[in-house]
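Here's the structure, in structure tokens; my notes come after.
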Amino acid sequence: MYGLGILKGMAVTFKHFVATYMDDIFWASRGGRYYNDEALAVRQSLEGRGVITVFYPEEKLPVPERFRFVPFLVTDEPAPGQKWGHEWCTSCGICAKACPPQCIWIKRGTQPNGRPKPEPEEFYIDIDICMNCGLCAEFCPFDAIKMDHDYELASYDRTTAHIHDKERLSKPISYWREIAPRKAEAEAAARDFAQESKQKKKGKRGEGSDEPEARLEEMKARQLIYKGELY
Amino acid sequence: MSDMILEAPHAGAMPDSAEDPIAAATAVLKQRFPDHIQDETRDGYEGIVVHPDKVVQVSQALRDELGFNYLSSITGVDLIEENKLELVYHTYSINQGGPALVMKVQVDRDNPVLPSLVPVWPGAEYQEREAYDLFGFQFEGHPDLRRILTWDGFHGHPMRKDWKEPFFEEDNKPFGSRWPGGEVSRAEEKNPFGKNVQYPAGWVPTLEEPEAETDSYAGITYTREQSTGLKTDKVTINMGPQHPSTHGVFRMALTLDGETIVGLKPVMGYLHRNHEKIGERNTFIQNIPYTDRLDYISSMSNNHGYVLAVEKLMGVDVPERAEWIRILMVELTRIVNHLWAVGFLLNDLGALQTPMLYFYIERELILDLFESTSGSRMMCNYMRFGGLAYDLPEDVRGTPIMKFLHDLIYDRLPRALEQGDVLMTGNEIVRARGIGVGYLSAEDAIAYSTAGPVLRASGVQYDVRRAQPYSYYEHLDFDVAVRYNGDIYDRYLIRLDEMQQSLRILQQVLPHLQETEGSSIISGKPQYAIRMPRAGESYGRVENPKGELGYYVTAKRRDANPARYHVRSPSFINLTALEKMSLGHKVADVVAILGSIDIVLGEVDR
Amino acid sequence: MTTTNAGAASPDIAVPDEVQNNVVITNLAKLLDPIYNWSRRNSLWPLGFGLACCAIEMICTASSRFDLSRFGMEVFRASPRQADLMIVSGTVTKKMVPIIVRLYNQIAEPRYVVSMGACASGGGPFKEGYNVVDGVDKFIPVDVYIPGCPPTPQALINGLIALQEKIDQQSIATVPWYRKNDPTAEMIPVPRLGPDLYDMRQVDIIKKEAVKSEAVTEAS
Chain A
-7 MYGLGILKGM
3 AVTFKHFVAT
13 YMDDIFWASR
23 GGRYYNDEAL
33 AVRQSLEGRG
43 VITVFYPEEK
53 LPVPERFRFV
63 PFLVTDEPAP
73 GQKWGHEWCT
83 SCGICAKACP
93 PQCIWIKRGT
103 QPNGRPKPEP
113 EEFYIDIDIC
123 MNCGLCAEFC
133 PFDAIKMDHD
143 YELASYDRTT
153 AHIHDKERLS
163 KPISYWREIA
173 PRKAEAEAAA
183 RDFAQESKQK
193 KKGKRGEGSD
203 EPEARLEEMK
213 ARQLIYKGEL
223 Y
Chain B
57 MSDMILEAPH
67 AGAMPDSAED
77 PIAAATAVLK
87 QRFPDHIQDE
97 TRDGYEGIVV
107 HPDKVVQVSQ
117 ALRDELGFNY
127 LSSITGVDLI
137 EENKLELVYH
147 TYSINQGGPA
157 LVMKVQVDRD
167 NPVLPSLVPV
177 WPGAEYQERE
187 AYDLFGFQFE
197 GHPDLRRILT
207 WDGFHGHPMR
217 KDWKEPFFEE
227 DNKPFGSRWP
237 GGEVSRAEEK
247 NPFGKNVQYP
257 AGWVPTLEEP
267 EAETDSYAGI
277 TYTREQSTGL
287 KTDKVTINMG
297 PQHPSTHGVF
307 RMALTLDGET
317 IVGLKPVMGY
327 LHRNHEKIGE
337 RNTFIQNIPY
347 TDRLDYISSM
357 SNNHGYVLAV
367 EKLMGVDVPE
377 RAEWIRILMV
387 ELTRIVNHLW
397 AVGFLLNDLG
407 ALQTPMLYFY
417 IERELILDLF
427 ESTSGSRMMC
437 NYMRFGGLAY
447 DLPEDVRGTP
457 IMKFLHDLIY
467 DRLPRALEQG
477 DVLMTGNEIV
487 RARGIGVGYL
497 SAEDAIAYST
507 AGPVLRASGV
517 QYDVRRAQPY
527 SYYEHLDFDV
537 AVRYNGDIYD
547 RYLIRLDEMQ
557 QSLRILQQVL
567 PHLQETEGSS
577 IISGKPQYAI
587 RMPRAGESYG
597 RVENPKGELG
607 YYVTAKRRDA
617 NPARYHVRSP
627 SFINLTALEK
637 MSLGHKVADV
647 VAILGSIDIV
657 LGEVDR
Chain C
3 MTTTNAGAAS
13 PDIAVPDEVQ
23 NNVVITNLAK
33 LLDPIYNWSR
43 RNSLWPLGFG
53 LACCAIEMIC
63 TASSRFDLSR
73 FGMEVFRASP
83 RQADLMIVSG
93 TVTKKMVPII
103 VRLYNQIAEP
113 RYVVSMGACA
123 SGGGPFKEGY
133 NVVDGVDKFI
143 PVDVYIPGCP
153 PTPQALINGL
163 IALQEKIDQQ
173 SIATVPWYRK
183 NDPTAEMIPV
193 PRLGPDLYDM
203 RQVDIIKKEA
213 VKSEAVTEAS
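Chains as they are written, first to last, in the working numbering: chain A, -7 to 223; chain B, 57 to 662; chain C, 3 to 222.
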């Protein structure tokens, strides 16, 4: 029959139409369909049926740990009354070298005697160039630069707001632990491990037998982060 | 489900000898043209170097006698040290599959004249225009040699090594000004015009320069013919770049007789982002996130092609688990892309948004997996040389990863595909508008260098995953989907077929993921600064959802940057056949025909 | 009440004594503002206009999961004449910018521009390229910038909410499109493509630089 194909297709849309109301009825006695974290989780999973809309800004779709937006710099816990603590960045320049669009500028600090100091005097990221690729965070050997999860950055002006300086970039380690708990834990474990094996190496200097093994272990621990096994 | 028509590959004229077909063909050619063909002598390079005078004859012999009937890619290379320009042709045998026979032609840099190959392979048309535009090659006998990516009147040929752009800083990244004395500044602050522009010395605007439009119509002639009966005028109209159904900033100049198309010229370059020029400045790893932005709907596939090319050059192996995850991601990308393409095609056919919105729900779920795995929904930047950036995540939105994948592949996606099939395949309007419209014969599909679903919908069973298997595809059991009518409807159906085949592949991949859990995902230590261990060239090609995606990469020994980096983009080359498909149809059909080719402008213009 | 407070009226028009006390008009403008802004902010029709990668996220934002129709923005118009909002979603190339300026000129006022993503705001990762414009704000005025490459759908909605907040701050008495001879409401000259892109507003600088560059080439 001519027109049967169209009718079949309309049956599909009708099923969708019904499904939206079925979902409403299902959640009616369970705290409502909207503005309900439990309902949101189901709606956004493979089980989601009917209306799958996220009611941003009232509801927010949670972002995964590996989510990357613009980078930020990790610092120690701030002393009371301060916003951030000592930078972890040692101004080694690896992020600036790895950065594909070259949006990172680092001015290395100098000691009074003119020798380089392992911390950045200035650190800038032009977020109008940044492509959120995450290579800087991936290759930083000190876990000092990380990709932020804060995507709500809309602004009315870009001349000043879009070049992030050290002040704007710095965030304490607790922030990173908060947004990426498992990843932060794995990194901390790897750092501790590297520290330990370094000390072991120092203690065993002269014997030399365990040294390559220790280095191998350390490398493995660093690798684990990439492999994602630790989190 | 729509009935699948799958057949064994064409037997063709397959010589049963064990000898290398490339070597055999090369020997025949050398015998035929002893004075005009040399071996490639550079270390790490392959193929034959043909004298410009005999290119056409050699190509004809390749196409008609030796079976290398498919011209895949044309790459211009600037050999500035030798004061030469080189063109690299990759030709394949559709019937036999296998690797490319690489033909090179070198011409003088100051007078780069050589014959055009359009008479032999019409698919060379836009690629030659691109080589003319970016390098300045003069093709004799080309029907329409104009700039294609930049505009008429642009100064210089930008891909030449000595051509510098306004914001030029250094030849290679990383730039010295970033560290240790990084004084931040915006590039435009150093430019007298405050913009990304430069002008030839002494140039002043006469205000008589043609506006952007006029040159676009140069390829089309406005004629008035006295035909029998009704006297009609042919009119030229413009479509795009701002048009809801050109899939981005694509533009066409159409010549119409009534409503019938009698001429069509695409105008491109509205999204020409200088991918290759930037790519040659980047280090090898810095190019990976840029490849995401080529065909931005299927970034995982783009990554795959590029890492394959560089891995070949570096000579690194990929651990087993990494290969399986790569296949998982690439096949999911194929589904994502086809969902998108079919949704938009139906949109163009008048099924406004409903199928599209249904498909996007599934697409979003796959994007959730990509986001959890790689950190970004679209720009995955996931693959590395010798492996992957990260292992699979523990969970996706709270569901353990293996359960998520299982449910997705065995339950959710099959159901969605089934639903999409019921929704539209039998629809009388889709059939009426699709069947018999935009026909492309198998011979034309090959001659016009089309690839992917467009080629296979015309009855040519050619898929890089089978013709020249990479990764673990030779161990996987799947059929190369093929359809024989070569019209819009078949190009719609073949995408549904391919999604089914992708699901088949994914179902085979899952157990391997379980088996290899916990094993390494990258060989060696992840490195940000890679020095190429050897000089040479490499061509990595993959079956992107849109067709054959190839990366031509050359490097010098110990270099951190590619010397030449070229992308053979399927969207761009498939468009060569657009005019052929559209002639004789109505204006309304050209929208659907374009939709059935499935282009992404990031890849067309690069 | 003095004449300068006379609402939308131009200060240089002499106000007769008998209507000096036009308190009503001033208050009316204030009364109208919330209604005027409310109706505009909730029916922003975007131009169906996609440039590059960000356009895909824009389409995703309009589709079911994020659903722009909650903000009255789902009506993507193909014609600039029917649109209020231009979301510049993607890399602006030199070849494209004349068309973008022309589209902007064709949008009927009130009109707003959102620059979505790093590329539209400042050239993004492709800034160094020879065919890329380093920020669409070099040619057309931009109301809201949304960083990110690409901004996720939620980031885009965040930017659109920022735009709504900006609209809320406007007053019917001061918006440029109801004022005579306001320079911000004028047509923007369409840039042209010569040997490189040139802005018609910069012809004088180009001429000056040409003289300089000729002197340099002659000296060398």
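We put the CB at the ideal spot given by N, CA and C, even for glycine.
Just mark residue i as buried or exposed, buried being the case when its beta carbon has 16 or more other beta carbons within 10 Å.
i, result
"S575/B", "exposed"
"I208/C", "buried"
"I96/A", "buried"
"Q254/B", "buried"
"K96/C", "buried"
"A217/C", "exposed"
"N139/B", "exposed"
"T219/C", "exposed"
"S201/A", "Note that S201/A scores 44 on pLDDT, short of 50, meaning its location in the model is unreliable; the coordinates nonetheless yield the value given after this. Looking at its Cβ environment, which holds fewer than 16 other Cβ atoms inside 10 Å, S201/A is exposed."
"M139/A", "buried"
"Q204/C", "buried"
"R613/B", "exposed"
"A69/B", "Because the pLDDT at A69/B is just 42, under 50, the model does not fix this residue reliably, and the value given afterwards should be weighed accordingly. By the 10 Å Cβ count, A69/B comes out exposed."
"M98/C", "buried"
"A136/A", "buried"
"F9/A", "exposed"
"Y148/A", "exposed"
"G508/B", "buried"
"M159/B", "buried"
How is the beta strand (DSSP E) around residue i delimited, first residue to last?
i, result
"G319/B", "316 to 323"
"L201/B", "That residue, L201/B, is in no beta strand (DSSP E); it is neither H nor E in DSSP."
"A611/B", "603 to 611"
"H146/B", "140 to 148"
"L312/B", "307 to 313"
Among the options, whose alpha-carbon lies nearest the alpha-carbon of residue i?
i, options, result
"P70/A", "P63/A, W80/A, F61/A, V62/A", "W80/A"
"G494/B", "G542/B, I578/B, G319/B", "G542/B"
"I491/B", "R587/B, M434/B, A648/B, R377/B", "A648/B"
"V77/C", "R98/B, S128/B, Q409/B", "Q409/B"
"I586/B", "V538/B, F340/B, N630/B", "F340/B"
"F59/A", "E427/B, F415/B, V161/B, S128/B", "E427/B"
"G77/A", "A178/A, S21/A, K158/A, E188/A", "K158/A"
"P112/A", "L118/B, R185/B, G232/B, G238/B", "G238/B"
Please look up how many angstroms separate the CB atoms of residue i and residue j, rounded, as I've assumed it's under 8 Å.
i, j, result
"L496/B", "G651/B", "L496/B to G651/B, Cβ: 15 Å. No contact."
"E130/A", "A445/B", "7 Å"
"P175/B", "G197/B", "7 Å"
"P149/C", "Y346/B", "Contact doesn't hold; Cβ gap of about 19 Å is too wide."
"M324/B", "L205/B", "6 Å"
"T63/C", "P155/C", "4 Å"
Got a sec, what are the start and stop residues for the alpha helix (DSSP H) residue i sits in?
i, result
"S652/B", "643 to 653"
"W396/B", "376 to 404"
"M555/B", "544 to 571"
"D16/A", "-4 to 20"
"T63/C", "55 to 64"
What residues from the segment 397 to 420 of chain B come within 9 Å of chain A, judged by C-beta to C-beta, listed N to C? A407, T410, P411, Y414, I417, E420
Please list the residues of the segment 62 to 77 of chain C that have a C-beta atom closer than 8 Å to any C-beta atom in chain B, keeping them in chain order. C62, S65, S66, R67
Cβ-based contacts, 9 Å cut-off: residues of the segment 90 to 121 of chain B near chain A: none
Cβ-based contacts, 8 Å cut-off: residues of the segment 96 to 113 of chain A near chain B: I96, W97, I98, K99, R100, P108
Can you pull out the residues from the segment 31 to 56 of chain C whose beta carbon lies closer than 7 Å to at least one beta carbon of chain B? G50, F51, G52, L53, A54, C55
Taking Cβ-Cβ distances below 9 Å as the criterion, which residues of the segment 19 to 49 of chain A are in contact with chain B? A33, Q36, S37, L38, E39, G40, I44
Under 9 Å (Cβ pairs) to chain A, residues found in the segment 144 to 167 of chain C: V144, D145, V146, Y147, I148, P149, G150, C151, P152, P153, T154, P155, Q156, A157, L158, I159, N160, G161, L162, I163, A164, L165
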